[in-house]
Amino acid sequence: METLLNVLVVGILLGGIYGLVSIGLNLIFGVIRIVNFAQGELVMLGMYGAFLAYSMLGLDPYVSTLIVMPAMFLFGVIVQRVAIQPLQAESSMQIFATFGLLTVLQNVVLVFTRGEGYSVATKVASFSIAIGEIRITGTHLIILIAVTAISVLLHLFLQRTLMGKSIRAVTQDRQAARLMGINVERTFMVTFDIGSALAGLAGALIAPIYTLSPGIGDNFILAAFAVVVLGGLGSVAGAWAGGMIVGIVEAFAGYYIDPELKQAIWFLIFLLVLVIRPTGLSGQVGAEEVGFREQS
Amino acid sequence: MSRLLEVLGMSAGYGLAPVLHDIGLYVDSGEVVAVIGANGVGKTTLLRTIAGIIQPSAGRIAFDGRPIGSTPAHDIVGQGLALVPEGGRLFPFMTVLENLELGAFNPSSREKTRTTLDEVMMLFPILAERKTQLAGSLSGGERQMCAIARALMSRPRLLMLDEPSAGLSPVMVERVFDMLRSVVASRNVTVLLVEQHVEDAPEIAQRAYVIERGRIVKTGSGAELMNDPDVQRAYMGL
Ligand SMILES: Nc1ncnc2c1ncn2[C@@H]1O[C@H](COP(=O)(O)OP(=O)(O)O)[C@@H](O)[C@H]1O
Ligand SMILES: [Mg+2]
């Protein structure tokens, strides 16, 4: 019983990480309908951002989010302008562009770091809490709280504010959105930028628990794809739940079968969802087609 | 009467395929004008081009004397020109109320959202009843009403409708056109609508154009066209 609970907690904490790194990917996919292969690299940049703020300014990674998030928002603006927007008419080329971006970012960071692995320390989250035998570190707890809070805020933003509604309108029918006076191109831009800022935030928050490396984004992107597909392609609550499920399944399979299985498990979840319920857990039936309604 | 919409020598299409050729038409304020044409002749393309979704490849479109041929769609609605697209194109996973709110998204109508909403709900009591329902769950007739109401939320001077009767039962068609009549009377809007059959663009249209393979081939008063043997043969579905 104790073990079971322990594995469950490990899974939930892992799920928090997966949920966190998936939020931006999910938003960008849900609205713009492009698969951003470079999303893991945006998280990676967020991690290095936290490292720079730590090593140069002595900032705790949680404090550095105040710099990293706006910086990654700006980075998103540049990427969107240079690589995504010009290819708006050919969405399959956009996917290649994000793939190119992935390679470029990994290699640029590799050149600067010369392959040396850095780590970021935190004083803020140096505590840990114990429930019986189960110990939860501060870093993981903060991630769990953050992913939940960000999901709730993002959900409220999309549901309650006029700007959020305009973003949902673009998701559901671009042409009708234009007729409402919504600037679809600007909505894409803002969404991409927010997605990038959220990736940066995720990177800064998980920086203390990983050794930084240029290729670290690969660890997240596959899991994030499983989360997004499972969660329902754009649904905020779905992605939160999807993160939890992927984390919990991975923890149990890792404990009872083999930890090396995790990538196989992501793919299995991915395939099962596509076969059984292509709209994801909470996705509305037909939602995935709605976003593709022509916009000419 | 002032000229509200004027289209001169306009051509448009998708990519390299031209669909509309040398279109000329006008709508004076206060009028209800119909464009009649069979499936696939370019009626939807015509309204999309006027609404700014498609850029014309030649010619001139003026709204209230101002050229709008190269103005993007999202800026045109703010000038007072609204399109009810074919099939309504409501946002299916949003409530009726959210759809209506978005109708007033453009800055020039946004501050008046509440007032306009009250006025529109008076015109369409059924929508007040359905306001928390998802738009995707509305019946065909309700959906068309909601689409018209959403367009009215932008407080347009010219309301364009793309086959408002398509897919509706005769009873529903009658109700939608009754609605339209009261909208025209009470909200002081001018109307340009397209339909496949003359009998669907009913008495409310004072003038009509007939479009064939992307060109306007006939024009006249509603009654003239109704009694034109060619038109009867081609467009009365007889
Ligand atoms: N998005 C599009 N891309 C390319 N061709 C189109 C598109 N929409 C319509 N067409 C073509 O343009 C012509 C006119 O279509 P449309 O304006 O929809 O006619 P109507 O509304 O009168 O039925 C048709 O031949 C149609 O195949
Ligand atoms: Mg049509």
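As you go down the protein sequences, you meet chains A and B in turn. For what it's worth, numbering that gives the first Met the number 0 labels the leading residue of the first sequence as 0, then goes sequentially. For what it's worth, numbering that gives the first Met the number 0 labels the leading residue of the second sequence as 0, then goes sequentially. C-beta: ideal position from N, C-alpha, C; glycine also.
Under 8 Å, Cβ to Cβ, is there at least one residue of chain A near residue 41 (chain B)?
In the second sequence, the residue the question calls residue 41 (chain B) occupies position 42. Not an interface residue.
Within-8 Å CB hit, residue 174 (chain A) to chain D:
Here chain D cannot be found, since the structure's protein chains are A and B.
Starting from residue 13 (chain B), follow the beta strand (DSSP E) in both directions and report where the run begins and ends.
As a position in the second sequence, residue 13 (chain B) is number 14, starting the count at 1. Per DSSP, residue 13 (chain B) belongs to the beta strand (DSSP E) from 2-13.
Where are the beta strand (DSSP E) runs, 3 residues long or more, that stay fully inside the stretch 127-189 of chain A, in chain order?
127-130, 133-136
What does residue 77 (chain B) touch in chain A if you count any residue whose Cβ is under 9 Å from its own?
Within the second sequence, numbered from 1, the residue matching residue 77 (chain B) stands at position 78. 180, listed in chain order.
Say yes only if the C-beta of residue 42 (chain B) is nearer than 7 Å to one or more non-hydrogen atoms of ligand 2, and no if none qualify.
Translated into positions along the second sequence, residue 42 (chain B) becomes position 43. Within the cutoff, so yes.
Nearer than 7 Å: is that true of the beta carbon of residue 85 (chain B) relative to any heavy atom of ligand 2?
As a first step, residue 85 (chain B) is located in the second sequence; it is residue number 86 there, counting from the start. Result yes, Cβ under 7 Å from ligand 2.
With C-beta atoms as the reference, is residue 272 (chain A) less than 8 Å away from residue 204 (chain A)?
The residue given as residue 272 (chain A) occupies position 273 in the first sequence. The residue given as residue 204 (chain A) occupies position 205 in the first sequence. Result no, Cβ atoms of residue 272 (chain A) and residue 204 (chain A) do not sit closer than 8 Å.
How long is the line joining the alpha carbons of residue 249 (chain B) and residue 13 (chain B), rounded to whole angstroms?
For residue 249 (chain B) there is no data in the structure shown, the boundaries of chain B being 0 and 237.
For residue 187 (chain B), is the classification buried or exposed, using 16 other Cβ atoms within 10 angstroms of its Cβ as the cut-off for buried?
Residue mapping note: residue 187 (chain B) aligns to position 188 of the second sequence, counting from 1. With fewer than 16 other Cβ atoms within 10 Å, it is exposed.
If you run the structure through DSSP and keep just helix, strand and coil, what is residue 51 (chain B)?
The count along the second sequence starts at 1 and reaches residue 51 (chain B) at position 52. Residue state, collapsed to three classes: coil.
Name the two residues that bound the continuous alpha helix (DSSP H) containing residue 107 (chain A).
In the first sequence, residue 107 (chain A) corresponds to position 108, counting from 1. Unbroken alpha helix (DSSP H) run through residue 107 (chain A): 90-112.
In this structure, does DSSP put residue 141 (chain B) in helix, strand or coil?
Sequence index remark: in the second sequence, residue 141 (chain B) carries index 142 (1-based). The answer is helix: DSSP assigns residue 141 (chain B) an H, G or I state.
For residue 21 (chain A), decide whether its Cβ has a neighbour in chain B, counting only Cβ atoms nearer than 8 Å.
Residue 21 (chain A) sits at position 22 when you count from the first residue of the first sequence. No - not a single Cβ of chain B is within 8 Å of the one on residue 21 (chain A).
Using a Cβ-Cβ cutoff of 9 Å, what residues of the stretch 42-70 of chain B are near chain A? List them in chain order.
47, 50, 51, 52, 53
Which term fits residue 286 (chain A), buried or exposed, when burial requires 16 or more other beta carbons within 10 angstroms of its beta carbon?
Mapped onto the first sequence, residue 286 (chain A) falls at position 287. With a pLDDT of 44 at residue 286 (chain A), under the threshold of 50, the predicted position of this residue should be treated as unreliable, though the coordinate-derived value follows. Flag for residue 286 (chain A) reads buried.
If you draw a straight line from the alpha carbon of residue 3 (chain B) to that of residue 238 (chain A), how long is it in whole angstroms?
For the purposes of this step, residue 3 (chain B) is identified with residue 4 of the second sequence, where counting begins at 1. For the purposes of this step, residue 238 (chain A) is identified with residue 239 of the first sequence, where counting begins at 1. Distance between the alpha carbons of residue 3 (chain B) and residue 238 (chain A): 49 Å.
Are three or more beta carbon pairs between the stretch 124-140 of chain B and the stretch 95-106 of chain B nearer than 8 Å?
yes
For a contact defined as C-beta to C-beta under 7 Å, what are the partners of residue 82 (chain B) on chain A?
What you label residue 82 (chain B) is simply residue 83 of the second sequence in a count that begins at 1. In chain order: 178.
If we call anything under 8 Å between Cβ atoms a contact, is residue 175 (chain B) one with residue 140 (chain B)?
As a first step, residue 175 (chain B) must be located in the second sequence, where it is residue number 176. As a first step, residue 140 (chain B) must be located in the second sequence, where it is residue number 141. Yes, Cβ-Cβ distance for residue 175 (chain B) and residue 140 (chain B) is below 8 Å.
Classify residue 114 (chain B) as buried or exposed, calling it buried when 16 or more other Cβ atoms lie within 10 Å of its own Cβ.
Counting from 1 along the second sequence, the entry for residue 114 (chain B) is found at position 115. When all chains shown are included, residue 114 (chain B) counts as exposed.
Could you pull the start and end residues of the alpha helix (DSSP H) that residue 62 (chain B) belongs to?
As a position in the second sequence, residue 62 (chain B) is number 63, starting the count at 1. Looking at the DSSP string, residue 62 (chain B) is not in any alpha helix (DSSP H); the run it does join, the beta strand (DSSP E), is 57-62.
I'd like to confirm something about residue 162 (chain B): is its beta-carbon nearer than 7 Å to some heavy atom of ligand 2, or not?
As a first step, residue 162 (chain B) is located in the second sequence; it is residue number 163 there, counting from the start. Residue 162 (chain B) Cβ: within cutoff of ligand 2.
In the stretch 65-99 of chain A, which residues sit with their C-beta less than 7 Å from some C-beta in chain B, listed in chain order?
none
Contacts of residue 72 (chain B) in chain A (Cβ-Cβ under 7 Å)
Numbered from its first residue, the second sequence carries residue 72 (chain B) at position 73. In chain order: 177, 178.
Of the listed residues A:47, A:222, A:267, A:5, nearest to residue 129 (chain A) (C-alpha basis):
In the first sequence, counting from the first residue as 1, residue 129 (chain A) sits at position 130. Considering only alpha carbons, the answer is A:5.
Counting pairs of beta carbons, one from the stretch 124-141 of chain A and one from the stretch 63-81 of chain A, are three or more of them closer than 8 Å?
no
Segment contact, 8 Å Cβ cut-off, at least three pairs: the stretch 200-215 of chain A with the stretch 235-254 of chain A
no
So with CB distances below 8 Å, who are the chain B contacts of residue 159 (chain A)?
By one-based count along the first sequence, residue 159 (chain A) stands at place 160. None at all; the shortest Cβ gap to chain B is about 10 Å.
My guess is that residue 34 (chain A) and residue 94 (chain A) are in contact by the Cβ rule of under 8 Å, so how many angstroms apart are they, rounded?
The count along the first sequence starts at 1 and reaches residue 34 (chain A) at position 35. The count along the first sequence starts at 1 and reaches residue 94 (chain A) at position 95. Rounded, the Cβ-Cβ distance is 5 Å, consistent with contact.
Answer yes or no: does any C-beta atom of chain A fall closer than 8 Å to that of residue 259 (chain B)?
Nothing about residue 259 (chain B) can be reported from this structure: the residues present for chain B run from 0 to 237 only.
Distance, Cα to Cα, residue 7 (chain A) vs residue 90 (chain B)?
The residue you call residue 7 (chain A) lines up with position 8 of the first sequence. The residue you call residue 90 (chain B) lines up with position 91 of the second sequence. Taking the straight line from one Cα to the other gives about 39 Å.
When you compare only the Cα positions, how much space is there between residue 55 (chain A) and residue 131 (chain A)?
Your numbering for residue 55 (chain A) matches position 56 in the first sequence. Your numbering for residue 131 (chain A) matches position 132 in the first sequence. Their backbone Cα atoms lie some 39 Å apart in a straight line.
With a threshold of 7 Å (Cβ to nearest heavy atom), would residue 166 (chain B) be considered close to ligand 1?
Here residue 166 (chain B) corresponds to residue number 167 of the second sequence, with the count starting at 1. It does not: the Cβ of residue 166 (chain B) is nowhere closer than 7 Å to a heavy atom of ligand 1.
With a threshold of 8 Å between beta carbons, is residue 167 (chain A) in contact with chain B?
Position 168 of the first sequence, counting from 1, holds the residue named residue 167 (chain A). By this cut-off, residue 167 (chain A) is an interface position.
Since residue 115 (chain B) is in the alpha helix (DSSP H), which residue starts that stretch and which ends it?
For the purposes of this step, residue 115 (chain B) is identified with residue 116 of the second sequence, where counting begins at 1. Looking at the DSSP string, the run of the alpha helix (DSSP H) that includes residue 115 (chain B) is 112-122.
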